[in-house]
Structures are given as structure tokens and as C-alpha cells.
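In the working numbering, the protein residues as written are 560 to 822. Note that the Cβ used here is the ideal one computed from N, Cα and C, for glycine as well. A short worksheet on the structure shown next.
See the structure below:
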């Protein structure tokens with residue numbers, strides 16, 4: 560098994576809000592990967608919480624790394640629910656966890672054994688799965704992408720009507736039941752040769768700048784390394800004169816994380 564992990568902040572003067580982890584049990588039977596993209600709240604918005612987004616992603620990511628390894632028979636959705644509950648309990652006494660901007664994150668999980676490869680995706684990060692024939696499948700939770708742009712016009716509209724609500728999109732925040740909203744599945748181990756989890760700061764190479772498709776993206780990671788993908792995204796962000804237009808007013812540079820594993 561070969562693994563590679565890269566996580567780079569969008570702004571070196573701000574903490575990286577992503578989390579990345581790989582868990583390998585002492586038995587050597589399989590492993591797991593975790594990638595979280597912390598949701599940055601608007602600057603003028605409160606969160607109802609004393610803690611930062613990096614605090615939350617570190618807590619949730621640490622719990623997920625431990626649980627996916629220590630409880631191999633617990634489904635990934637249940638592991639996510641337990642990790643959210645554990646993280647919520649750590650600050651329920653001091654913070655308003657009902658606030659729509661309570662610290663939260665997108666989630667990508669994968670776990671493999673001698674028999675199977677399990678996966679879970681919640682919100683707009685991506686998991687790339689390669690077959691022995693070289694076919695690459697992107698596992699996506701596209702609920703946010705399918706929403707009309709008019710519905711996303713303001714943060715107030717999003718928080719009131721879409722964030723963690725029916726008909727909108729879901730992230731890992733304070734409610735463990737959100738784990739049931741994730742895209743999940745399982746494949747026979749022999750049908751998977753490699754996996755790559757990418758937060759949306761890295762998926763920009765495909766989704767924003769259209770430099771290639773998902774197979775091209777995974778091929779770049781395999782040939783040149785995960786750092787090369789992030790470096791190319793950064794170069795495109797800097798040199799594209801229309802970057803801010805392409806990015807729809809979002810951050811010019813976002814935290815970018817890639818977790819790659821050859822099984």
C-alpha cells in the first residue's frame with residue numbers, strides 16, 4: 560500500500576481549515592482515509608460558538624480517523640454519526656450548536672479491508688475511485704451543485720432555507736443524524752486499485768478551470784504527485800485574469816487537500 564497526503568492553506572496568514580488523515584491498524588489489514596473541508600463562515604456572521612473551524616475539523620477528523628480503524632465492523636455512516644456526537648459533546652455546554660453557522664465541514668471517508676472498499680461523501684468534496692482497468696469514477700454529493708444560483712444569492716438565504724435543510728444540502732455540523740444524508744456505498748476490494756479524496760480547493764482543477772476530467776486528475780496525482788495538483792491549481796488561480804469571475808465571487812485561493820492511496 561502506498562499513500563500520499565497534501566494539505567495546503569489557501570492563505571498562509573490564515574489557519575488551514577481542512578483536515579486529512581490516514582489510519583492503518585496495527586494488524587495491517589486494510590486502512591482508512593479521511594478528508595474534511597471546514598466551512599468558512601462569513602466574516603460578518605457569528606457562529607454561536609467559542610471555537611474555530613480548525614478546532615472543529617481537528618476534533619471531528621481525529622474522531623473519524625480513530626473510529627474507522629478501531630471499529631472496522633461499524634458502517635461509515637454510523638462512524639460519522641458517532642464522531643459528530645463526540646465532537647458536539649465537547650462544546651455543547653459552552654456553545655449554541657443550533658446556530659446555522661456552528662462549525663461544520665464536508666466529509667470524505669474510505670475504508671478498505673481484504674474483502675471490500677467502503678466509501679462516504681457528504682457535501683462538495685470528492686472521492687475518485689480507480690478500477691483495475693483504469694476507469695476512474697468520481698463519487699460526489701452534488702446537492703449543492705444542483706441548486707439554482709438564485710437560491711444561493713446571499714448567505715442569509717442559504718442559512719435560512721438550504722443549509723442542512725430538506726431540499727438544500729448537508730454538512731457535518733452538530734446533528735449526528737446528518738450522517739444518514741451522506742452518499743455511501745461499498746465495492747469488492749478487487750475492483751479498486753486506487754483512491755483519492757479531494758477537497759474543493761483541489762477539485763478546482765476539474766470543476767472550475769476545466770483542465771481535464773476526473774481520470775486526468777487522478778493520472779496527474781499518480782504521475783507527478785498530489786503536491787503537483789495543488790501547485791497547478793495555485794498557478795491557475797494566480798494567472799487566470801478572470802479567476803474571480805470563474806469562482807463566482809468565492810475565495811481566490813481555498814484550502815486544498817489531497818489524500819491518495821494505492822490499495
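According to DSSP, simplified to helix, strand and coil, what is residue 593? strand
Measure from the alpha carbon of residue 577 to the alpha carbon of each residue in 585, 593, 586 and 739, then state which is nearest. 593
Under 9 Å, do residue 635 and residue 817 count as touching if we go by C-beta distance? no
Bridge partners of residue 744, per DSSP? 678
Given a threshold of 16 other Cβ atoms within 10 Å of its Cβ, counted over all protein chains shown, does residue 670 qualify as buried or as exposed? buried
Just curious, the alpha helix (DSSP H) that residue 561 is in, first and last residue? Run containing residue 561: none in the alpha helix (DSSP H); it sits in the beta strand (DSSP E), 561-567.
Rounded to a whole number of angstroms, what is the C-alpha to C-alpha distance between residue 612 and residue 749? 37 Å
Given that a residue counts as buried once 16 or more other Cβ atoms are within 10 Å of its Cβ, and exposed if not, what is residue 720? exposed
Just how far apart, CA to CA, sit residue 802 and residue 701? The predicted position of residue 802 is uncertain, since its pLDDT is 48 and thus under 50; no value can be drawn from it.
If we call anything under 9 Å between Cβ atoms a contact, is residue 728 one with residue 657? no
On the CB-based measure, 16 or more other CB atoms within 10 Å of its CB, does residue 572 come out buried or exposed? exposed
Alpha carbons only, please: which of 821, 752, 732 and 811 is nearest the one belonging to residue 760? 811
Considering only their Cβ atoms, is the gap separating residue 789 from residue 815 smaller than 9 Å? yes
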